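Protein chains in written order, with this note's numbering: chain A, 3 to 332; chain B, 6 to 240; chain C, 464 to 713.
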Amino acid sequence: MKRNPLAAGLLALLLMLTASFTIAACGEDDDEGSSTGAATETTGESASAIESNPDNKKVKLTIGSKNFTEQKVLGEIYAQGLAAAGYTVDTQLNLGDEKIALKALETGEISAYPEYTGTALGSFFGVPSNEIPKDPQAAYEEAKADFAKKKITALPPTPFTSSNEVGLTKEKADELGVTKISDLEGKSQDLTLYGSPECRQREDCLLGLQRVYGLKFKKFVPVDIALRHEVLDKGQADLSIVFTTDPQIKRNGYVLLEDDQGMFPPYNSMLLVSDDTYQEAGLDLPEVVGKLQEGLNAAAIQELNARVDIDKKTPEQVAGEYLSESGLVQ
Amino acid sequence: MLDLIAQLQIQDRSGGEADCVADNGFCPSWIVDNFDRYTDPLVQHVYLTVISLVIGFGISFGLALLAHRRRWFIGPITQITGVLYTLPSLAVFFLLLPITGRGNTTAIIALVSYSLLIIFRNIMAGLDNVPAETKDAGRGMGLTDRQLLWRVELPLALPEILAGLRIAATTTVGLATLAFFAGAGGLGEQIFADIIFKSNVVTAGGLAVLLAAALDAVILLVQRAVTPWTRARAA
Amino acid sequence: MTTTIAFLGEFGDAIQFIFQGQTTQEGTEVGGSQFLDLTWEHLKLTFAAMGVACAIAIPAGLWLGHIRRGSFLAISVSNVGRAVPSLALIALFVAYLGTGFTNVTLALVLLAIPPILTNTYVAVTQVEGDTVDAARGMGMTGAEIVRKVELPLALPLIFGGVRISAVNVIATATIAPLAGINTLGDPIINVSGYGDTGRLAAAMCVAALAIFTELALGAVQRAVTPAGLKLEPDTASRRMRLRFGREATT
Chain A
3 MKRNPLAAGL LALLLMLTAS FTIAACGEDD DEGSSTGAAT ETTGESASAI
53 ESNPDNKKVK LTIGSKNFTE QKVLGEIYAQ GLAAAGYTVD TQLNLGDEKI
103 ALKALETGEI SAYPEYTGTA LGSFFGVPSN EIPKDPQAAY EEAKADFAKK
153 KITALPPTPF TSSNEVGLTK EKADELGVTK ISDLEGKSQD LTLYGSPECR
203 QREDCLLGLQ RVYGLKFKKF VPVDIALRHE VLDKGQADLS IVFTTDPQIK
253 RNGYVLLEDD QGMFPPYNSM LLVSDDTYQE AGLDLPEVVG KLQEGLNAAA
303 IQELNARVDI DKKTPEQVAG EYLSESGLVQ
Chain B
6 MLDLIAQLQI QDRSGGEADC VADNGFCPSW IVDNFDRYTD PLVQHVYLTV
56 ISLVIGFGIS FGLALLAHRR RWFIGPITQI TGVLYTLPSL AVFFLLLPIT
106 GRGNTTAIIA LVSYSLLIIF RNIMAGLDNV PAETKDAGRG MGLTDRQLLW
156 RVELPLALPE ILAGLRIAAT TTVGLATLAF FAGAGGLGEQ IFADIIFKSN
206 VVTAGGLAVL LAAALDAVIL LVQRAVTPWT RARAA
Chain C
464 MTTTIAFLGE FGDAIQFIFQ GQTTQEGTEV GGSQFLDLTW EHLKLTFAAM
514 GVACAIAIPA GLWLGHIRRG SFLAISVSNV GRAVPSLALI ALFVAYLGTG
564 FTNVTLALVL LAIPPILTNT YVAVTQVEGD TVDAARGMGM TGAEIVRKVE
614 LPLALPLIFG GVRISAVNVI ATATIAPLAG INTLGDPIIN VSGYGDTGRL
664 AAAMCVAALA IFTELALGAV QRAVTPAGLK LEPDTASRRM RLRFGREATT
């Protein structure tokens, strides 16, 4: 079949135009010298800017967060976004694990913090992990209803889900010949699993692996969440609990075992606010939070995590970059 | 479809290129560029250390004056300050938690109680080492007990007192790195902010060591300045 | 008044936690006999570190003291050692070597050596020159002098150094959970599951362990003091000097 030369020419012109647009937009490079390869764009609607409302000044919000990178970044995004909307904002990030954070919220030490739907249902409300709805929206609705009984409002969740996963190095995965968590059966008693300290008590972590998959590990070693990749790299851990939004997975080529029995629930992040604060803060609060969360898909949150963990920027800086790059704050 | 305005720029990081910072290595250029991250923790650390030393010195000095006159106090004071010295600071932070809560107060109380024994025993040792003849000479000149203490015994005891202060200073700087467990910030908090990044740990830890060395040197200089006769004696 | 009862209550809860333990919401056991496991880990780490440190520091101190050389090194190592924060040392080892029992032990050994080395050195140099001369005059070789004369006279101070070191190591082993070793610091650093009560209970256990070690090694120190030295008048200042030697007055 003969190609139509005119169509080919127009196609080429269109391609050239698109290419030059793209190159112009990617033109500004990171000055920290850590960018490798070409920058890629995400598809997403550009969010409209947050406007400052002077009425909000009298409302004092204290935003808390748990003790790992993604939480600190989220906390900063909410804090800076709400400050841009005119609220008087204070932060208390890096509180600790989920139980400590919830306690801080309940005692009024903080006004709000981001929590994951799966974590809340499993850790706070005692739902066995295989009974948590697999649909993110359904999981959110259930969590929201449960939190309402605690006089806490759970705002709608983020697009991204950040799940716990069992990770190992490529070499180890090839050596063991495993691709799914069930493959570990019969092998796990010779393997050491490293996880966060709270993992020992969680259905969506060690307890679940023991009860749902029936796995017995040679040893479970609790280490600080920040060390979850180090222990794989240094060869101390055979398996480690990592998060799907970790940028290190792609960078270091870890293998994530498939959750074939559906043990891990959805983990979308939602902002928990005490009922009193929610009433006091007015309509701007859910609106601003919605705007902030709009652009947080999996690729975006992974990029933000990477900027902290790999580029070594502070969560405060990275949140600021997110807000300005997304046009939320001028 | 492709909205090129106002979006988060995503970078392709799957290349896995070796990069000092991305590999959590020791990167001097990064340290220089980001040194302002360490100024606040350093200031907090200095604050905690200096306040604890001042309060600790004040309390120990009072106890020493008391024990100098009434010797039987030495035993009980040594026992009590000895127990406080033995208790691990981390444990003390959490033992105090139900009483004084999180924050600078808890940290300072723990740091002060650790330093009491060191300073107290050095003041006592210094006072005890004043030669008897000197004291007799002073009494012979008509000095009262109090004048003897302030004009003769304490000045002669200064080298040992300041030596004790130097030891207390270096150990307090070291312990203050744990102060963030009590909610008081400091260089320890900065270490924890990225415990696998070698540059961070080395810088924060190194600053603590430098601070200890600096305090040590400052007190030593004060000692040399205030007790010129010791230099003459050593020469 | 109510605050007094309140915090007594918290301490009371903590004591109960130590002896009876609790079952968490998820059905795992914490406290009670589990604390024995934690204590055993803590002690294992302490013994390992102290063993290696003594094996290195005591011979080195004895030798340097005997030949009366290296006083700058022996004293400075303590000054430098004091200035290095234990947290920084553990963090450094985790960052460079990774987690694990060996790595933490290495860090603790580095921490434990200075007091033992300095005290051993000072103790040996404090043995009066006349005594050593007399021994040489009696025909003893260098090694025999160290073994039969200097070492026994130096033992009290050496044990003083060992005691200070041991308490330091016990205190630092509390932050070993950062490197994956579950000592009594686990309820303090990794609070989850234990709760505030568990954390307070662990703090009390660590404090008790430190005091117990101090008293036990103090008794050993008194026991190894040769009878001759014991004849000195037991004044308070002598007790203080025996306890800490000249470490105070560097």
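Don't be surprised by glycine CBs; every beta carbon is placed ideally from N, CA and C. All of these numbers come straight from a predicted model, not from anything done at the bench.
Which value, in whole angstroms, describes the spacing of the CA atoms of residue 663/C and residue 108/B?
Position 200 of the third sequence, counted from the first residue, corresponds to residue 663/C. Position 103 of the second sequence, counted from the first residue, corresponds to residue 108/B. Their Cα atoms are separated by approximately 17 Å.
Is the distance from the Cβ of residue 666/C to the Cβ of residue 196/B below 8 Å?
The sequence position of residue 666/C within the third sequence is 203, counting from 1. The sequence position of residue 196/B within the second sequence is 191, counting from 1. For residue 666/C and residue 196/B, no; Cβs fall outside 8 Å.
Could you work out which residue in 234/A, 283/A, 114/A is closest to residue 254/A when comparing CA atoms only?
For the purposes of this step, residue 254/A is taken as residue 252 along the first sequence, with counting starting at 1. Looking at the Cα atoms, 234/A is the closest of the given residues.
Looking at chain B, is there any beta carbon in it that lies within less than 8 Å of the beta carbon of residue 115/A?
Walking along the first sequence from the start, residue 115/A turns up at place 113. Closer than 8 Å: no.
Whole alpha helix (DSSP H) runs in the segment 148 to 181 of chain A with 4 or more residues, listed along the chain?
172 to 178
Restricting to Cα atoms, I'd like to know which of 76/B, 178/B, 175/B, 88/B is closest to residue 630/C.
For the purposes of this step, residue 630/C is identified with residue 167 of the third sequence, where counting begins at 1. When only C-alpha atoms are compared, the closest one is 88/B.
Go ahead and label residue 312/A buried or exposed: buried means 16 or more other beta carbons lie within 10 angstroms of its beta carbon, across all protein chains shown.
As a working note, residue 312/A is residue 310 in the first sequence. Flag for residue 312/A reads buried.
Would DSSP call residue 1/A helix, strand or coil?
Absent from the structure is residue 1/A, since the part of chain A shown begins at 3 and ends at 332.
Local Cβ density within 10 Å of residue 35/B, reported as buried at 16 or more and exposed below that
Within the second sequence, the letter at position 30 stands for residue 35/B. It is buried - the Cβ of residue 35/B has at least 16 other Cβ atoms within 10 Å.
Three-pair Cβ contact test at 8 Å for the segment 255 to 273 of chain A versus the segment 113 to 132 of chain A:
yes
Got a sec, what are the start and stop residues for the alpha helix (DSSP H) residue 577/C sits in?
Start at 1 with the first residue of the third sequence, and residue 577/C comes out as number 114. Where residue 577/C is concerned, the enclosing alpha helix (DSSP H) stretches over 564 to 589.
Have a look at residue 226/A and residue 94/B and give me their C-alpha separation to the nearest angstrom.
Along the first sequence, read from residue 1 onward, the residue named residue 226/A stands at position 224. Along the second sequence, read from residue 1 onward, the residue named residue 94/B stands at position 89. When rounded, the distance between both Cα atoms is 21 Å.
I want to verify the contact list: residues of chain A whose CB lies under 7 Å from the CB of residue 13/B, in sequence order.
Indexing the second sequence from 1 puts residue 13/B at position 8. Those within 7 Å of residue 13/B in chain A are 44, 297, 302, 305, 324, 327, 328.
What's the call for residue 237/A, buried or exposed, on a 16-neighbour Cβ count within 10 Å?
Translated into the one-based positions of the first sequence, residue 237/A becomes position 235. Exposed is the call here.
Name the residues in the segment 223 to 241 of chain A whose C-beta lies less than 9 Å from a C-beta of chain C; which are they?
223, 224, 225, 226, 229, 232, 233, 235, 236, 237, 238, 239
Indicate whether residue 653/C and residue 199/A have their beta-carbon atoms separated by less than 8 Å.
Working through the third sequence from its first residue, we reach residue 653/C at position 190. Working through the first sequence from its first residue, we reach residue 199/A at position 197. Going by C-beta atoms, residue 653/C is nearer than 8 Å to residue 199/A.
Measure the C-alpha to C-alpha separation of residue 157/B and residue 70/B and round it to an integer number of angstroms.
Within the second sequence, numbered from 1, the residue matching residue 157/B stands at position 152. Within the second sequence, numbered from 1, the residue matching residue 70/B stands at position 65. Distance between the alpha carbons of residue 157/B and residue 70/B: 14 Å.
Cross-chain neighbours of residue 217/B in chain C, by beta carbon under 7 Å:
Residue 217/B sits at position 212 when you count from the first residue of the second sequence. In chain order: 546.
For the segment 107 to 135 of chain B, which residues have a beta carbon sitting closer than 8 Å to at least one beta carbon of chain C?
123, 126, 127, 129, 130, 133
Residues near residue 148/A by beta carbon distance below 8 Å, same chain, minus five either side
Position 146 of the first sequence, counted from the first residue, corresponds to residue 148/A. The residues are 122, 123, 126, 127.
If you reduce the DSSP assignment to three classes, tell me which class residue 279/A lands in.
Position 277 of the first sequence, counted from the start, is the residue given in the question as residue 279/A. Helix.
Determine which residues of the segment 540 to 568 of chain C have a Cβ less than 7 Å from any Cβ of chain E, and write them out in chain order.
Looking at the structure shown, chain E is missing, and the protein chains on hand are A, B and C.
Return helix, strand or coil for residue 687/C, following the three-state DSSP convention.
As a working note, residue 687/C is residue 224 in the third sequence. Residue 687/C falls in the helix class under three-state DSSP.
When Cβ atoms are compared, which residues of the segment 626 to 645 of chain C fall closer than 9 Å to chain A?
640, 641, 642, 643, 644, 645
Checking contacts by CB at 8 Å: is residue 34/B closer than that to chain C?
Counted from its first residue, the second sequence places residue 34/B at position 29. Closer than 8 Å: no.
By the criterion of Cβ-Cβ separation under 7 Å, what are the contact partners of residue 201/B in chain A?
For the purposes of this step, residue 201/B is taken as the residue at position 196 of the second sequence. Going along chain A in sequence order, the residues near residue 201/B (Cβ under 7 Å) are 228, 229, 232.
Is it right to say residue 530/C is buried, meaning 16 or more other beta carbons lie within 10 angstroms of its own, or is it exposed?
To locate residue 530/C, count along the third sequence from 1; it is residue 67. So residue 530/C counts as exposed.
Checking 8 Å against the spacing of the C-beta atoms, do residue 61/B and residue 117/B come in under that value?
What you label residue 61/B is simply residue 56 of the second sequence in a count that begins at 1. What you label residue 117/B is simply residue 112 of the second sequence in a count that begins at 1. The answer is yes: Cβ separation under 8 Å.
DSSP on residue 89/B, reduced to helix/strand/coil?
Your numbering for residue 89/B matches position 84 in the second sequence. It is helical.
Any chance the segment 98 to 114 of chain A sits against the segment 295 to 310 of chain A, with 3 or more Cβ pairs inside 8 Å?
no
Contacting residues, own chain, Cβ-Cβ under 6 Å from residue 165/B (five flanking each side not counted)
Taking the second sequence and counting its residues from 1, one reaches residue 165/B at position 160. Around residue 165/B: 127, 130, 131.
Determine, for residue 84/B, whether the minimum Cβ-Cβ distance to residues of chain A falls below 8 Å.
Position 79 of the second sequence, counted from the first residue, corresponds to residue 84/B. Answer no: the Cβ-Cβ gap between residue 84/B and chain A never drops below 8 Å.
Would you call the segment 529 to 548 of chain C and the segment 207 to 216 of chain A in contact, with 3 or more CB pairs under 8 Å?
no
Integer-rounded CB distance, given that residue 628/C should sit under 8 Å from residue 575/C:
Looking up residue 575/C in the third sequence gives position 112. Looking up residue 628/C in the third sequence gives position 165. Correct: roughly 4 Å between the Cβ atoms.
Taking the alpha carbon of residue 580/C as the point to measure from, which residue in 494/C, 515/C, 636/C, 480/C has its own alpha carbon closest?
As a working mapping, residue 580/C is identified with position 117 in the third sequence. Taking only the C-alpha atoms, the option nearest residue 580/C is 515/C.
If we call anything under 8 Å between Cβ atoms a contact, is residue 213/B one with residue 175/B?
To locate residue 213/B, count along the second sequence from 1; it is residue 208. To locate residue 175/B, count along the second sequence from 1; it is residue 170. No, they are not a contact pair.
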